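The structure appears right after this line, and notes come after that.
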Amino acid sequence: MKKKYAAALMLAAATGLTACSAGGASNDYIRIAKYKGVEVEAVEGLPDITDESVENNIQTVLEGFAQITEVTDRPAREGDIAVLDYTASADGQEIENGGNEAYELELGSNTFFAEFEDAVIGHSVGDSFELEHAFAEDYTNQNYAGKNVTFTITLTGIREKELPDLTDEFVQTISQKSETVDEYREEMRELLEENNEEYVQSELEDKVWQKILDGTEVTEYPKDRLDEEKEAFYTYYQAGADYYGMEFADFLAAMEVTEEEFEEQVTEAAKSNLKENLTAELIAEKEDISMTDEEYGKAKEELADEMSYEDVEEMEEEVEEHNIKSYILRDQVKAWAAQNCIQVKE
Numbered sequence: 008m009k010k011k012y013a014a015a016l017m018l019a020a021a022t023g024l025t026a027c028s029a030g031g032a033s034n035d036y037i038r039i040a041k042y043k044g045v046e047v048e049a050v051e052g053l054p055d056i057t058d059e060s061v062e063n064n065i066q067t068v069l070e071g072f073a074q075i076t077e078v079t080d081r082p083a084r085e086g087d088i089a090v091l092d093y094t095a096s097a098d099g100q101e102i103e104n105g106g107n108e109a110y111e112l113e114l115g116s117n118t119f120f121a122e123f124e125d126a127v128i129g130h131s132v133g134d135s136f137e138l139e140h141a142f143a144e145d146y147t148n149q150n151y152a153g154k155n156v157t158f159t160i161t162l163t164g165i166r167e168k169e170l171p172d173l174t175d176e177f178v179q180t181i182s183q184k185s186e187t188v189d190e191y192r193e194e195m196r197e198l199l200e201e202n203n204e205e206y207v208q209s210e211l212e213d214k215v216w217q218k219i220l221d222g223t224e225v226t227e228y229p230k231d232r233l234d235e236e237k238e239a240f241y242t243y244y245q246a247g248a249d250y251y252g253m254e255f256a257d258f259l260a261a262m263e264v265t266e267e268e269f270e271e272q273v274t275e276a277a278k279s280n281l282k283e284n285l286t287a288e289l290i291a292e293k294e295d296i297s298m299t300d301e302e303y304g305k306a307k308e309e310l311a312d313e314m315s316y317e318d319v320e321e322m323e324e325e326v327e328e329h330n331i332k333s334y335i336l337r338d339q340v341k342a343w344a345a346q347n348c349i350q351v352k353e
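Throughout, my numbering is defined as the position within the sequence shown, counted from one, plus 7.
Rendered as structure tokens:
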């Protein structure tokens, strides 16, 4: 479904440039007020990567390789995964959607409120017990907010996580780059720094792109391309109905929208996609933005990975080539616009 959704939102093919003005451009379909030298509020860099953040992320990696074992010979303790059945009641009435069965709670993770986790610690498998707690009016879970709640809890299982030791040998099994623990720590630091840089770049690109779109007017939507965009949305939602074995009308009813409302929503979404598509195409043509076959091949590999396909071949089986090109073009234009923007510090 995720792949089909992404494919449905792909952009359509390019249109030609017919006219332009200083800092902007126009053709038969759109007028872009300004796309080069766009001023946006400066995007601040993220804090420097600390030793602590490196160790925390390595710990997360280790937890991904943890061995889980059932515990039957001792009470639950912090760090265990407790398996719980519980109900919640207030004023003698059970709270709808307030309970759970076979709920897995890592003790000490602060997933639930602290008193709940603390109440489980020290109990053994098979124990049943109660906990009373008064929740504030603004508590995030509206099932409990503002209520004096009694939880009836049964501990049905205890699981213990055993993490692998961080050794040179372990590093060599998980990294294609590092052979020692010290090298892996440096690899993790570089990865986190790269992630930070990508985040900042993405924030800047989104700001600039939105500013460009805000100053862009669509004078006419090409009918064939608008129909194509709408059809992509219909195909996606029809696939959703098929997935659940539902008639399309019943599927819309389950989403609590009428056919008329759905048509309006699809039309607006299609226009929004097409506006971005036309904008990217016009800027690309005016500024001669393109890429080599090698660059395009690499971009397709990155796109396939981003959209959770196994490889490019699988993506190409589900997404038409011109749509792939359009999607990549939009990213390319956004990056170009960010490189040519003016960041202003407030």
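Cβ coordinates follow ideal geometry from the N, Cα and C atoms, glycine included.
No experiment lies behind these values; they were computed from the predicted model shown.
ask   = Who does I39 pair with in a DSSP beta bridge?
value = A32, T223
key: Rounded Cβ spacing between T223 and I37 (contact assumed at less than 8 Å)   = 6 Å
query = With C-beta atoms as the reference, is N104 less than 8 Å away from N64?
reply = no
inquiry  = Can you list, in chain order, the residues of its chain with a C-beta nearer than 8 Å to that of A256? Leave out the 5 residues immediately preceding and following it.
reply    = E266
ask   = Are the beta-carbon atoms belonging to L112 and A89 less than 8 Å from one another?
value = yes
key: Validate contact between the stretch 339 to 352 and the stretch 38 to 48 using beta carbons, cut 8 Å, 3 pairs   = yes
key: Span of the beta strand (DSSP E) around K168   = 155 to 169
key: Same chain, Cβ closer than 8 Å to E122, neighbours up to 5 away in sequence not counted   = L138, H140
request  = Starting from Q149, trace the beta strand (DSSP E) both ways and give me its first and last residue.
outcome  = Segment: none, Q149 is in no beta strand (DSSP E) and carries neither H nor E.
ask   = From A143, T163, D145, pick the residue whose C-alpha is nearest to that of V132; which is it?
value = T163
request  = Following the continuous alpha helix (DSSP H) through H329, name the residue where it begins and the one where it ends.
outcome  = 328 to 346
key: Distance between Y334 and Y244 (C-alpha atoms, nearest Å)   = 21 Å
query = Cα-Cα, which of E200, E317, D35, E268 is closest to D55?
reply = E200
Rounded C-alpha distance that separates E179 from A248 = Looking at the sequence shown, residue 179 is not Glu but Gln. In a straight line, the C-alpha of Q179 is about 46 Å away from that of A248.
query = Just curious, the alpha helix (DSSP H) that T67 is in, first and last residue?
reply = 58 to 71
message = Three Cβ pairs or more, each shorter than 8 Å: is that satisfied between the stretch 202 to 212 and the stretch 68 to 81?
response = no
inquiry  = Alpha carbons only, please: which of S60, F158, L259 is nearest the one belonging to D3?
reply    = Since the first and last residues shown for the chain are 8 and 353, residue 3 lies out of range.
message = Here's the rule I'm using: 16 or more other beta-carbon atoms within 10 Å means buried, otherwise exposed. How should N155 be labelled?
response = exposed
task = Tell me whether E48 sits in a helix, a strand or coil according to DSSP, three-state version.
result = strand
request  = Can you tell me which of the three DSSP states D172 falls into?
outcome  = coil
message = Does the stretch 291 to 304 come into contact with the stretch 258 to 273, if we say contact requires no fewer than three beta-carbon pairs (one atom in each stretch) closer than 8 Å?
response = no
inquiry  = I want to know whether the stretch 225 to 237 touches the stretch 269 to 282 - three or more CB-CB distances under 8 Å.
reply    = yes
request  = Could you tell me whether the Cβ atoms of T286 and L220 are closer together than 8 Å?
outcome  = yes
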